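What follows is a set of notes on a single structure, which appears directly below.
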Amino acid sequence: MKTVILIPARYASARYPGKPLAELTQKDGSTKSLIQMSWEAAGQIAGVDEVHVVTDDERIRAASEGFGASVIMTSPEAENGTARCAEAVASGAVKADLVVNFQGDAPLTPPWFVEELIAAMKSDPGAQMATPVLQCDPATYEMFVEDRQNGRVGGTTAVFGEDHRALYFSKEIVPYIDPAKVPERDIPVYHHVGVYAYRPEALRSYTFWGVSRLETLEGLEQLRFLVHGVPVRCVVVEARGRMFWELNNPADVARIEKVLKEQ
Numbered sequence: 033m034k035t036v037i038l039i040p041a042r043y044a045s046a047r048y049p050g051k052p053l054a055e056l057t058q059k060d061g062s063t064k065s066l067i068q069m070s071w072e073a074a075g076q077i078a079g080v081d082e083v084h085v086v087t088d089d090e091r092i093r094a095a096s097e098g099f100g101a102s103v104i105m106t107s108p109e110a111e112n113g114t115a116r117c118a119e120a121v122a123s124g125a126v127k128a129d130l131v132v133n134f135q136g137d138a139p140l141t142p143p144w145f146v147e148e149l150i151a152a153m154k155s156d157p158g159a160q161m162a163t164p165v166l167q168c169d170p171a172t173y174e175m176f177v178e179d180r181q182n183g184r185v186g187g188t189t190a191v192f193g194e195d196h197r198a199l200y201f202s203k204e205i206v207p208y209i210d211p212a213k214v215p216e217r218d219i220p221v222y223h224h225v226g227v228y229a230y231r232p233e234a235l236r237s238y239t240f241w242g243v244s245r246l247e248t249l250e251g252l253e254q255l256r257f258l259v260h261g262v263p264v265r266c267v268v269v270e271a272r273g274r275m276f277w278e279l280n281n282p283a284d285v286a287r288i289e290k291v292l293k294e295q
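Each number in my numbering comes from the position in the sequence shown (counting from 1) with 32 added on.
Listed below in structure tokens is the structure:
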């Protein structure tokens with residue numbers, strides 16, 4: 033099964049313009065752009081045949097090619113990362129049995145998150161799409177609560193059934209927990225890791241359907257699949273002592289730099 037990783041990156045982010053080119057301080061004091069860190073993280077994943085940055089922005093293209101990345105250019109009309117991946121496949125620039133959308137704002141994504149996602153898709157030929165989820169530890173749950181209290185829209189939570197099929201994804205903290213009853217361990221909230229694995233036919237359907245209302249309200253592209261009755265398999269992954277967080281807002285830079293220094 034040919035597996036290709038695509039790293040969608042756009043410059044015009046409403047919450048953080050120019051985010052892929054944001055410079056983060058590394059443990060040794062040097063700096064790297066977010067897109068370079070994401071590219072390097074993707075390169076550590078086993079079982080992958082190709083890795084490409086997918087963008088419509090010449091600044092991102094130039095920066096990516098500068099550190100040796102392969103770049104596929106798409107149109108500015110692509111409304112999100114899944115649409116950008118779908119366009120790369122439809123154009124013939126990408127030929128694969130499995131396409132992995134590796135978020136360009138999540139350089140802390142451990143390789144085993146994606147390796148386990150790929151393994152889950154390979155073991156279930158009928159699955160059209162899958163995504164990793166990570167049970168919140170107290171520190172991560174507190175970051176979710178802190179963001180909501182400060183009016184920031186950051187990470188995403190996932191709710192799924194006993195069959196591990198997604199029931200819903202939200203920018204809110206779901207399920208709701210009474211603040212007085214939050215357990216010290218085994219918190220029943222799952223952090224959605226923004227990585228997706230798709231069969232090419234799922235990407236073709238995604239483009240055909242057009243934007244859904246829930247997708248627009250939440251700002252979550254994966255809801256388009258749920259709205260149209262396509263099961264999204266949630267693959268539970270383990271942190272193994274690593275902290276995971278995405279760079280959604282400028283406030284997340286300090287959070288990620290802190291992790292880079294510690295781990």
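In this text, a Cβ means the ideal position worked out from N, Cα and C, and glycines have one as well.
Predicted, not measured: the structure shown is a model, and the values here were computed from it.
Taking the beta carbon of residue i as the centre, do at least 16 other beta carbons fall within 10 Å, making it buried, or is it exposed?
i                 : result
glutamate 90      : exposed
arginine 42       : buried
threonine 248     : exposed
threonine 35      : buried
proline 282       : exposed
proline 108       : exposed
glutamine 135     : buried
phenylalanine 240 : exposed
leucine 199       : exposed
glutamate 204     : exposed
Got a sec, what are the start and stop residues for the alpha helix (DSSP H) residue i sits in?
i            : result
cysteine 168 : Looking at the DSSP string, cysteine 168 is not in any alpha helix (DSSP H), and its letter there is neither H nor E.
tyrosine 238 : 232-241
Considering Cα atoms alone, identify which of the options is closest to residue i.
i             : options                        : result
valine 221    : Arg197, Val285, Glu233, Phe192 : Phe192
alanine 162   : Val269, Ser202, Ala286         : Val269
serine 237    : Thr35, Arg256, Trp277, Arg217  : Arg256
lysine 51     : Val177, Pro139, Phe176, Glu178 : Pro139
glutamate 216 : Val185, Arg180, Asp169, Gly242 : Asp169
histidine 84  : Arg272, Pro40, Ser65           : Pro40
serine 123    : Gln160, Ile209, Leu235         : Leu235
tyrosine 228  : Gly183, Glu147, Glu111, Gln295 : Glu147
proline 232   : Gly273, Glu55, Asn133          : Asn133
For the beta strand (DSSP E) holding residue i, just list the boundary residues, first then last.
i                : result
proline 40       : 35-41
isoleucine 104   : 103-105
tyrosine 222     : 222-224
phenylalanine 99 : No beta strand (DSSP E) contains phenylalanine 99, which DSSP labels as neither H nor E.
threonine 248    : No beta strand (DSSP E) holds threonine 248; the alpha helix (DSSP H) holding it covers 245-250.
serine 65        : 63-65
Could you check what DSSP says for residue i in three-state terms: helix, strand or coil?
i                 : result
arginine 91       : helix
arginine 116      : helix
lysine 154        : helix
alanine 286       : helix
alanine 162       : strand
valine 267        : strand
phenylalanine 257 : helix
arginine 197      : strand
phenylalanine 176 : helix
alanine 73        : helix
lysine 51         : helix
glutamate 109     : coil
glutamate 82      : strand
alanine 190       : strand
leucine 292       : helix
phenylalanine 134 : strand
leucine 56        : strand
valine 121        : helix
Assuming the contact rule is C-beta atoms closer than 8 Å, residue i and residue j should be a hit. Round their C-beta distance to whole Å, please.
i              : j             : result
methionine 33  : lysine 154    : 6 Å
isoleucine 104 : valine 126    : 7 Å
valine 131     : leucine 38    : 6 Å
leucine 66     : aspartate 137 : 6 Å
glutamate 289  : leucine 53    : In fact, because the Cβ distance is near 16 Å, the residues do not count as touching under 8 Å.
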